[in-house]
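Q: Numbering (our numbering), first residue to last: 3 to 423.
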Amino acid sequence: MRNSRNSKSNKSKSTVMFILVLLIVGALAYTGAFGINNIFGYRVKSFEQAINKGLDLQGGISVLEELQAENIDNETIERTKELLSMRINPEGVKEISITREGSNRIRIEIPGEFDAKKVLETIGKTGKLEFKGPDGKVILTGKDIKNAKAYLDEMSKPTISLDLNQEGTGKFAEGTQKFLGKEIGIYMDGDLLTNPTVQSVITNGKATITGSSSLEEANRKANIIKSGALPVTLEAVEFKTVGATLGANALPLSMKAGAMGIGLVLLFMLIYYRGPGIMASIALVFYVVIVLLAFSVTGVTLTLSGIAGFLLTVGMAVDANVLIFERIKEEMKIGKTIKNATETGFNRALSSILDSNITTIIAGIVLYSLGSGSVKGFALTLMIGIVLSIFTALTVTKFLLKLGTEMGLLSDASHFGVKRG
3 MRNSRNSKSN KSKSTVMFIL VLLIVGALAY TGAFGINNIF GYRVKSFEQA INKGLDLQGG
63 ISVLEELQAE NIDNETIERT KELLSMRINP EGVKEISITR EGSNRIRIEI PGEFDAKKVL
123 ETIGKTGKLE FKGPDGKVIL TGKDIKNAKA YLDEMSKPTI SLDLNQEGTG KFAEGTQKFL
183 GKEIGIYMDG DLLTNPTVQS VITNGKATIT GSSSLEEANR KANIIKSGAL PVTLEAVEFK
243 TVGATLGANA LPLSMKAGAM GIGLVLLFML IYYRGPGIMA SIALVFYVVI VLLAFSVTGV
303 TLTLSGIAGF LLTVGMAVDA NVLIFERIKE EMKIGKTIKN ATETGFNRAL SSILDSNITT
363 IIAGIVLYSL GSGSVKGFAL TLMIGIVLSI FTALTVTKFL LKLGTEMGLL SDASHFGVKR
423 G
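1) Tell me the residue span of the beta strand (DSSP E) that contains D58.
2) In this structure, what does DSSP give as the bridge partners for D193?
3) Return the chain-ordered ranges of every alpha helix (DSSP H) run that is complete within the region 85–164 and spans a minimum of 4 residues.
4) Could you tell me which residues DSSP pairs with E169 in its beta bridges?
5) Between L268, L195, I21, which lies nearest to V324 when the distance is taken from Cα to Cα?
6) Between which residues of its own chain and T394 is the CB-CB distance below 7 Å, once the five residues before and five after are set aside?
7) I'd like to know whether the C-beta atoms of L313 and G260 end up nearer to each other than 7 Å.
8) Tell me whether V291 is buried or exposed, calling it buried when 16 or more other Cβ atoms sit within 10 Å of its Cβ.
9) Using 8 Å for Cβ pairs, my map puts L384 next to T300. What's the rounded Cβ distance?
10) Between I53 and L304, how many whole angstroms is the CB-CB distance? I'm expecting something under 8 Å.
11) Measuring alpha carbon to alpha carbon, tell me which residue in G419, K258, L217, L356 is nearest M271.
12) Would you kindly work out how many angstroms separate the C-alpha atoms of T210 and I110, rounded to a whole number?
13) Is G410 buried or exposed, if buried means 16 or more other CB atoms sit within 10 Å of its CB?
14) Could you give the DSSP three-state label for I273: helix, strand or coil?
15) Using the Cα positions of M3 and V398, report the straight-line distance between them to the nearest angstrom.
16) Apart from the five residues just before and just after A415, which ones in its own chain have a Cβ nearer than 8 Å to its Cβ?
17) Count the other CB atoms, across all protein chains shown, that sit within 10 Å of the CB of K184; report buried if there are 16 or more and exposed otherwise.
18) Do you know how far the Cα of K13 is from the Cα of E219?
19) Expressed to the nearest angstrom, what Euclidean distance is found between the alpha-carbon atoms of E77 and L69?
20) Measure from the alpha carbon of T101 to the alpha carbon of each residue in I125, K83, F133, I147, then state which is nearest.
21) Which residue's Cα is closest to the Cα of I162: E132, K119, S214, I188?
22) Does the Cβ-Cβ distance between K173 and L142 come in under 7 Å?
23) Please state if the CB of D146 and the CB of L164 are separated by a distance shorter than 7 Å.
24) CB-CB under 6 Å to S99, same chain, minus the five flanking residues each way: which ones, in chain order?
25) In this structure, does DSSP put S64 in helix, strand or coil?
26) With distances taken Cα to Cα, identify the nearest neighbour of G61 among M190, I74, G135, K242.
27) What is the DSSP secondary structure of L69, reduced to helix, strand or coil?
28) Spatial neighbours of S16 within its chain, please: C-beta separation below 7 Å, excluding the five flanking residues on both sides.
29) Quick one: Cα of T205 to Cα of E156, how far?
30) Below 8 Å on the Cβ atoms is my guess for G114 versus K130; work out the distance and round it to an integer in Å.
31) Thinking C-beta only, is N359 closer than 7 Å to I392?
32) Count the other C-beta atoms from every protein chain shown that fall within 10 angstroms of the C-beta of N40, then say buried if there are 16 or more, exposed otherwise.
33) Taking all protein chains shown into account, do 16 or more other C-beta atoms lie within 10 angstroms of the C-beta of Y44, making it buried, or fewer, making it exposed?
34) Taking the alpha-carbon of D117 as reference, which of I63, Q168, T199 has the nearest alpha-carbon?
35) Could you give the DSSP three-state label for K47: helix, strand or coil?
Okay, here's the thing in structure tokens:
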């Protein structure tokens, strides 16, 4: 009697848990697909709105710049990329892409921007940074600045710290002594950035600038000060504007193809694996949701190649479930109970799943390290998807199979498509 009551209790608990899982997965999928306009005063964006889209999906401008110098070292190229990023995106809110191509070229992609003249003018700026005294004479230039960064001081006030090189230290010592108690203006390309008052004579090459209204403003000013002049001359060798119509056509078609592909996979799992196929389908929906959530949270910029990488990981997630279910069926055929067959099947499938996925992750790392542009996008979405597919297959699918067994949905070998003599 006690075993019977315990069995009924476990069945009830598992049924409630299974319904709860269905509701959670369904709610997440609905929210991801359509978003929620008002929940406790907050708006939750759909994945389509939250995930950053690349140049090929929403249009924009692509510029290929060539560095006009010989024997350029990696440090110079990386510094140039950093300074270009600060010029084009000083607030850090645009999803731009600046990548190296070959030994002396840099590609700049700015999704959603169509003002070609503005972009070329921004890239071609001299980057002339000057510190001027009240008399209008230049005290420092960008070449005298070693570093600038923003932080909150002990009073939580936004502050910019300046580090000067040896030559700049001497110049600034003279300037601050001469203009003690007066303002020194900081100009970028002739525009006033800030004009702090000299509080003391600075002889150690380390200064602080206060007066910013927020840490974001201080960080923006620090980035502009640090950007200075480019270390090399750039020349635009390729320039193209990608119309938004490409993205308007490509994205819906890609989403439609992806939805059809995933739908066919779910149908196959349901028909061929029956009961376990239901659990795998639920796990697969959950997997798609958490991958897209990861894309939106981590700020991945999705491109057409990135979508291809994502869909490839969906196939690999299904492949992991197929390996698990086939192993379980093999164990059942030799007479093991459903519970033991499930446990053994997962353990025996583990090595095969890890081998195939780790190999693909290594390939993704190589592609990401050596590739550029769309290749990097493909590799990044591939690696994120594979890591989450391993997690889903080995935890979520296993948990759902356990619930299915306990509540009676998977109580017989025939539910797994296995016939016993």
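Think of the CB as a built atom: it goes at the ideal place given N, C-alpha and C, for glycine as much as any other residue.
A: Answer, in terms of the structure:
1) Element bounds for D58: not the beta strand (DSSP E) but the alpha helix (DSSP H), 57–60.
2) M190
3) 118–125
4) DSSP output for E169 lists no bridge partner at all.
5) L268
6) A285, F288, Y289, A319
7) yes
8) buried
9) That belief does not hold up - the Cβ atoms of L384 and T300 are roughly 14 Å apart, past 8 Å.
10) 5 Å
11) G419
12) 33 Å
13) exposed
14) helix
15) Low confidence applies to M3: its pLDDT is 48, below 50, so where it sits in the model is not reliable enough to give any reading.
16) M334, I340, K421, R422
17) exposed
18) 58 Å
19) 13 Å
20) K83
21) S214
22) yes
23) no
24) E111
25) strand
26) K242
27) strand
28) L405, E408, M409
29) 23 Å
30) 29 Å between Cβ atoms; not a contact.
31) yes
32) exposed
33) exposed
34) I63
35) coil
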